[in-house]
Amino acid sequence: MRAFFSLVLIVTCLGCIPKVPRQRLAERAKVSVAYIVDPGYAGQPFTPPDALKKAITAELDDHNLEVVEVPLEAISAQRLTDSRFDALKKVSGEAPFVLLVEQRVHFFSQLDGRYRWEVATTLTAARADGARASDPFEIPVILLFDHEKEREAIAAAASDISNRVGVLMDGVMAGASPVPKAAAARPSGIYFVMVDRFANGDRSNDGAASVEDPQGFHGGDLKGLIEHLDWIQSLGFDTVWLSPIFKMRTEKWHGFGAFHGYWTWDLAALEPRFGGELLLAQLRSELDRRNMKLMLDLVLNHVGPDAPLLTSKPGWFHKRGGVTDWNDATQLVMNDVHGLPDFATEQDEVFAYLLGAARRWLPGRST
Ligand SMILES: [Ca+2]
């Protein structure tokens, strides 16, 4: 849950669809289409507004394809794209083409009285003879009114999304093979390390630690991690994602432990009990030697309780109180999650601070 509010740096292969000329079938054919919008924190999957369906239907009609919409129930029991696509194909009968439209909508920020949303869409399409392609993308949307939510955001992005459907279907109808993903040549994966709980390589930095206390620190550190890199690699992983290692609150809060590292106090310094910058540099070098990658986890949504920034920069926080309605998109972004002081990231100064902190830890920038 806490990790959801943090930043990790991930490189993905997007737009793996080769560009081909506009396609139109000589004879009209059916395309089986399924829509699903994943809910955020609560609720059931739902179908997008008619504005999107209408735009996509018009686009497909332009390809001489007749839409047969598959009911949401046919795929809603599945959570993964591959499973949904298989379920869609199963109920598509003789339709020579299938199209799956998956969406998730996020409230992003409130700025100058307007509401910024992100509409994330993954399109997956295939011909009956197997050629399949996918296109994941995000479209930012500005809405003017508080009562406008997920449906209005999707409707606002309908034209852009239907255009992407057209390009994707051009590729599928032309039989173009998707460009292989860069990572496909070698299996890979991300191994997440809860640094305090992974391996204790240096007992001199333990401070107050007790493995008997489930909420206490257990002594894990970067040195212990470095000593286990061969083991992590032997499991088939090529990337290590660390729980936050930055200066943080270390005292318990309402009985809950701080060992996870998500109660950051200072993103520009390392927490001494995990090891210093020399050890971080050594970790990087050991990972490089194994052709492995490192992901650092920066908590950008909030600071830890009693963080010094609350005193030195009191204007940097929303101070709207805790979240009381988990279905209220504005509260989710602007209010304190479980009492953790919420950064006003829409302020230029706050944004610059967080960006600077992120850049601080890029390789070759640690001075
Ligand atoms: Ca230790």
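Counting in my numbering, the sequence shown runs from 1004 upward without gaps.
All residues carry an ideal CB built from backbone N, CA and C; glycine is no exception.
The region 1112-1127 contacting the region 1334-1350, beta-carbon criterion three pairs below 8 Å
Contact between the region 1112-1127 and the region 1334-1350 is present: three or more C-beta pairs spanning the two stretches fall below 8 Å.
How many angstroms separate the CA atom of Q1236 from the CA atom of S1288?
15 Å
Is the distance from the Cβ of M1172 to the Cβ of A1129 below 7 Å?
no
So which residues touch the region around ligand 1, with touch meaning a C-beta under 6 Å from any heavy atom?
N1203, D1205, R1206, N1208, D1209, G1222, D1224
Identify the residues that DSSP records as bridge partners of S1035: which are they?
V1071, V1101
Note down, in chain order, each residue of its chain lying with its Cβ closer than 7 Å to the Cβ of M1251, except the 5 sequence neighbours on either side.
A1261, G1264, W1266, T1267, W1268, E1274, G1307
Could you check if G1359 is buried or exposed, using at least 16 other CB atoms within 10 Å of its CB as the buried criterion?
Taking every protein chain shown into account, the CB of G1359 has fewer than 16 other CB atoms within 10 angstroms, so this residue is exposed.
Considering only the alpha carbon of each residue, which of L1232, S1207, G1318, L1283 lies closest to H1221?
S1207
Please classify D1269: does DSSP put it in a helix, a strand, or coil?
strand
Helix, strand or coil: which one does DSSP assign to P1344?
coil
Keeping to the same chain, check which residues put their C-beta closer than 7 Å to that of K1255; ignore five residues upstream and five downstream.
Q1218, A1261
Give me the Cα-Cα distance between R1167 and M1176, rounded to the nearest whole angstrom.
14 Å
Does the pairing of the region 1228-1247 with the region 1195-1205 give three or more beta-carbon distances under 8 Å?
At 8 Å Cβ cutoff, the stretches touch.
V1214, buried or exposed, once every other Cβ within 10 Å from all chains shown has been counted against 16
exposed
Using C-beta distances below 6 Å, list every residue in its chain close to R1135, excluding the 5 sequence neighbours before and after it, in chain order.
A1129
Considering W1234, what are the terminal residues of the alpha helix (DSSP H) in which it resides?
1232-1237
Looking at the unbroken beta strand (DSSP E) that takes in K1296, where does it start and where does it end?
1296-1298
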